[in-house]
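To start, the structure itself, in structure tokens.
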Amino acid sequence: MNKPIHMVDVVGQYARIRDEVDEAVRKVMDSGRFILGPEVGELECRIAGYLDVKYAVGCASGTDALQVAMMALGIGPGDEVVTTPFSFVATTETIALLGARPVYLDIQPGSFNIDPLTLETAITPKTKAIIPVHLYGQAADMDEIMAVADKHHIPVIEDSAQALGASYKGKKVCTIGAIGCISFFPSKNLGCFGDGGMLTTNDEELWKKLKVIVSHGSQTRYYHEVLGVNSRLDTIQAAVLKVKLQYLDEWNEARRKFAARYDELLTHPRFTLPARIPDRDHIFHQYTLRVPDRDRLAAHLAEQKIPHGVYYPVPLHLQQAFADAGFGRGSFPVAEQAAAEVISLPMHTELTDEQQKVITTTIRKFYA
Ligand SMILES: *Cc1c(COP(=O)(O)O)cnc(C)c1O
Numbered sequence: 137m138n139k140p141i142h143m144v145d146v147v148g149q150y151a152r153i154r155d156e157v158d159e160a161v162r163k164v165m166d167s168g169r170f171i172l173g174p175e176v177g178e179l180e181c182r183i184a185g186y187l188d189v190k191y192a193v194g195c196a197s198g199t200d201a202l203q204v205a206m207m208a209l210g211i212g213p214g215d216e217v218v219t220t221p222f223s224f225v226a227t228t229e230t231i232a233l234l235g236a237r238p239v240y241l242d243i244q245p246g247s248f249n250i251d252p253l254t255l256e257t258a259i260t261p262k263t264k265a266i267i268p269v270h271l272y273g274q275a276a277d278m279d280e281i282m283a284v285a286d287k288h289h290i291p292v293i294e295d296s297a298q299a300l301g302a303s304y305k306g307k308k309v310c311t312i313g314a315i316g317c318i319s320f321f322p323s324k325n326l327g328c329f330g331d332g333g334m335l336t337t338n339d340e341e342l343w344k345k346l347k348v349i350v351s352h353g354s355q356t357r358y359y360h361e362v363l364g365v366n367s368r369l370d371t372i373q374a375a376v377l378k379v380k381l382q383y384l385d386e387w388n389e390a391r392r393k394f395a396a397r398y399d400e401l402l403t404h405p406r407f408t409l410p411a412r413i414p415d416r417d418h419i420f421h422q423y424t425l426r427v428p429d430r431d432r433l434a435a436h437l438a439e440q441k442i443p444h445g446v447y448y449p450v451p452l453h454l455q456q457a458f459a460d461a462g463f464g465r466g467s468f469p470v471a472e473q474a475a476a477e478v479i480s481l482p483m484h485t486e487l488t489d490e491q492q493k494v495i496t497t498t499i500r501k502f503y504a
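In the numbering used here, the protein residues as written are 137 to 504.
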């Protein structure tokens, strides 16, 4: 009997830790402390300890983490934020929501992360932040990015939604820039049972601002010092995450092992396998390769009922919602080419050898 292949398997993962999770959730329900119960603070401490960063603040999603980070830095209309055109929409959406303008840098073809070589040319007196994304689970070139940022006194916000646990030169991502943003969306490497997110910082002043902004701009109930939002991490989600955090390193290791196996099974002159950049580890939120004829392969895989994903088919500068930013086709050719060539394969902790064989054999046959 073959188990069905999933792109991610949150149900299978839950089954392994069901007793522990159920007990933690039941405890919250029995306590009735659904908003900012003790589990939220406990998780903040544990995530800070895990990352080796001074402060962590729970919030309602990775998207909110980005928005709150920019609010804490005072970003608003007229400001510019430098980021990547090749990411999930949240990175750009939150910049636009605050009335600021996203300014894109093209990506590196190997890592899919922003290319710091052109970073300096994108900076203007209006630049208020730089948001690198550690895409697919591998860190961006943080030394080069931080060097330019520090020279111009511009804060860096690390979008670490796909990279919790990944490190760069021995440091965990989320601890290098001024603020780190984490997502606990169910399919992320550390996922909860709904939406959730967290912010990290080593800066006490920023920490205080983040904490106040996520809770209606208020420290004392019904007294509001600054404009805030309602973006707290649910106690139930924190309880689930406290259990799952214990397994994160093990699960990231399992992903690396499955990635190495994919590499072996997919060695082929027409495929570009995911690059591992020296000095950092890849935690394979996605296993993403470049292939010729991507759309035809995707259609074939769909026919064969092999799950797959295209992250992302349209770069952010070409999305209709952001058309008024004024970038046309050809503005960021490396990102545009990546959008046409990438395909991501099933990647989660419950994959089996047999499933990886079926997936890779189907792909190889298509190109035979
Ligand atoms: C998932 C993701 C987000 C948003 O996180 P949510 O928790 O879904 O709001 C932001 N940036 C990137 C790169 C992501 O992958």
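No residue lacks a Cβ here, since even glycine has one placed at the ideal position from N, Cα and C.
Contact under 9 Å by Cβ, residue i with residue j
i: Ala299; j: Gly332; result: no
i: Leu209; j: Leu342; result: yes
i: Ser197; j: Val269; result: no
i: Arg397; j: Pro428; result: no
i: Ile372; j: Val362; result: no
i: Ile318; j: Ile153; result: no
i: Lys264; j: Pro291; result: yes
i: Glu294; j: Ile267; result: yes
i: Asp277; j: Ser247; result: yes
i: Ile419; j: Gly301; result: yes
i: Met143; j: Met483; result: yes
Counted within 10 angstroms of its Cβ, other Cβ atoms place residue i as buried (16 or more) or exposed
i: Asp489; result: exposed
i: Ile171; result: exposed
i: Leu487; result: buried
i: Gly327; result: buried
i: Leu425; result: buried
i: Lys441; result: exposed
i: Met137; result: The predicted position of Met137 is uncertain, since its pLDDT is 49 and thus under 50; no value can be drawn from it.
i: Gln355; result: exposed
i: Ala475; result: buried
i: Asp145; result: buried
Coil, strand or helix - residue i by DSSP
i: Val217; result: strand
i: Met334; result: strand
i: Met137; result: Its pLDDT being 49, under 50, Met137 is placed unreliably by the model, and the measurement read from it follows with that caveat. Correct three-state label for Met137: coil.
i: Pro107; result: This structure does not reach residue 107, given that the chain is present from 137 up to 504, and the question cannot be answered.
i: Cys181; result: helix
i: Tyr186; result: helix
i: Gly131; result: Limits of the chain in this structure are 137 at one end and 504 at the other, which puts residue 131 out of reach.
i: Thr497; result: helix
i: Glu361; result: coil
i: Thr260; result: coil
i: Ile442; result: coil
i: Pro238; result: strand
i: Lys305; result: coil
Distance between beta carbons of residue j and residue i, contact taken as under 8 Å
i: Glu216; j: Val239; result: 5 Å
i: Ser480; j: Tyr503; result: Not really, about 17 Å apart at Cβ, beyond 8 Å.
i: Ile243; j: Thr220; result: 6 Å
i: Leu377; j: Phe320; result: 6 Å
i: Tyr304; j: Asp188; result: So it is not a contact: roughly 13 Å between Cβ atoms.
i: Ala236; j: Ile211; result: 5 Å
Chain D contact for residue i (CB, 9 Å cutoff)
i: Thr356; result: The structure shown has no chain D; it contains just one protein chain.
Point to revise | Length-filtered (3 minimum) beta strand (DSSP E) runs lying within the segment 386-429 | key: 423-426
Point to revise | Any heavy atom of ligand 3 within less than 6 Å of residue CB: hits in chain order | key: Summarising the ligand content, the structure contains ligand 1 and does not contain ligand 3.
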